[in-house]
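Take any residue in the sequence shown, count from 1 to its spot, add 6: that is its number in the working numbering.
Heads up, the beta-carbon is just placed ideally off N, CA and C, and yes, glycines get one too.
Before any comments, here is the structure.
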Amino acid sequence: MNKLDVRTVNVVQYVQPLREGGSLPAIVKADDDFLYVLKFRGAGQGTKALIAEFIGGELARAIGLKVPELVFANLDDSFSKTEPDEEIQDLLKFSVGLNLGLHYLSSAITFDPLVTTVDAKTASKVVLLDSIISNIDRTAKNTNLLIWNQELWIIDNGASFYFHHNWPLWKNHLTRTFPLIKDHVLLPQATELDYAKQEITSKITPQIIKNITNSIPEDWLINQTDSLTPAQMRAAYTTYLNAKLGMVDALINEAKDAR
């Protein structure tokens, strides 16, 4: 089974919570001496948000967008026992095991569309990819983009693939476009969507998609309330992405009309 080369680290220090995030991510230190923004499996959307974050981030990386390194991060049960804040204590308790870390970009600032202009090719790739992965959370209110070293970095894809919150009906989404692209923060700059199509369809191959879905940790795919097996879920993500790439012209026309 071909997979991505994703590192696994162990969390050794809980540094501080990031309270601006709805799911209460935190800055942590790992045993490789790097800092990471940790997304917890015990947060509101559970491992589904981690899966969406992982797939979306690695697809963005595949098409040449800048994404912090994603790592699988082991959290043991010692952290919850020494945490005085009850909310954080519960989060840590329910997050023992494998979580998702994003390399911490020190001194990065939140992207502000009124301050920074993004070049048309980059904006178009972000817009079209977000349309493919049905990312509902890249708006002017909450851009989920950073500026670091004067470059645009992609973070927070956890609200993508929302079909996976209702597996019995997931196939209904295979032929749908993405009308919410009208709210995308980069849509006004996305004037090179045909270029973005060429980049995305040449770089996100069926094999790349399989490598990414094969790399999802097995225990992120096990949930007693879900009707599909882990293998069926991997196949569903793969089928979904291939279906969206097959209707990319419809997604482009929808984005052009919205702009």
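Residue i to residue j span [Cα, whole Å]
{"i": "L81", "j": "G103", "result": "5 Å"}
{"i": "N148", "j": "P31", "result": "16 Å"}
{"i": "P194", "j": "D136", "result": "14 Å"}
{"i": "A264", "j": "I160", "result": "22 Å"}
{"i": "H190", "j": "L247", "result": "20 Å"}
{"i": "Q238", "j": "K216", "result": "13 Å"}
{"i": "M7", "j": "P90", "result": "43 Å"}
{"i": "N141", "j": "F85", "result": "32 Å"}
Close-in-space but distant-in-sequence residues of the same chain around residue i (CB under 6 Å, 5 per side omitted)
{"i": "D162", "result": "N150"}
{"i": "T235", "result": "none"}
9 Å Cβ cutoff met for residue i and residue j
{"i": "S166", "j": "A58", "result": "yes"}
{"i": "L192", "j": "R240", "result": "no"}
{"i": "I153", "j": "T122", "result": "yes"}
{"i": "R47", "j": "S113", "result": "no"}
{"i": "I33", "j": "V15", "result": "no"}
{"i": "P185", "j": "A146", "result": "no"}
{"i": "T181", "j": "P212", "result": "no"}
Burial state of residue i (16 or more Cβ within 10 Å)
{"i": "G63", "result": "buried"}
{"i": "I138", "result": "buried"}
{"i": "A242", "result": "buried"}
Same chain, Cβ closer than 8 Å to residue i, five either side skipped, listed in chain order
{"i": "L134", "result": "A196, L199, A202, K203, I206, V254, L257, I258 and A261"}
First through last residue of the alpha helix (DSSP H) which encompasses residue i
{"i": "N204", "result": "A quick correction: the sequence has Gln, not Asn, at residue 204. First-last of the alpha helix (DSSP H) with Q204: L199 to K209."}
{"i": "Y246", "result": "P236 to G252"}
{"i": "F85", "result": "S84 to T88"}
{"i": "K216", "result": "P212 to N220"}
7 Å CB neighbourhood of residue i in its chain, flanking five on each side removed
{"i": "T183", "result": "A256, L257 and E260"}
{"i": "A68", "result": "K209, I210 and I214"}
Residue range of the beta strand (DSSP E) that includes residue i
{"i": "E157", "result": "E157 to I160"}
{"i": "T14", "result": "T14 to P23"}
{"i": "A36", "result": "A32 to A36"}
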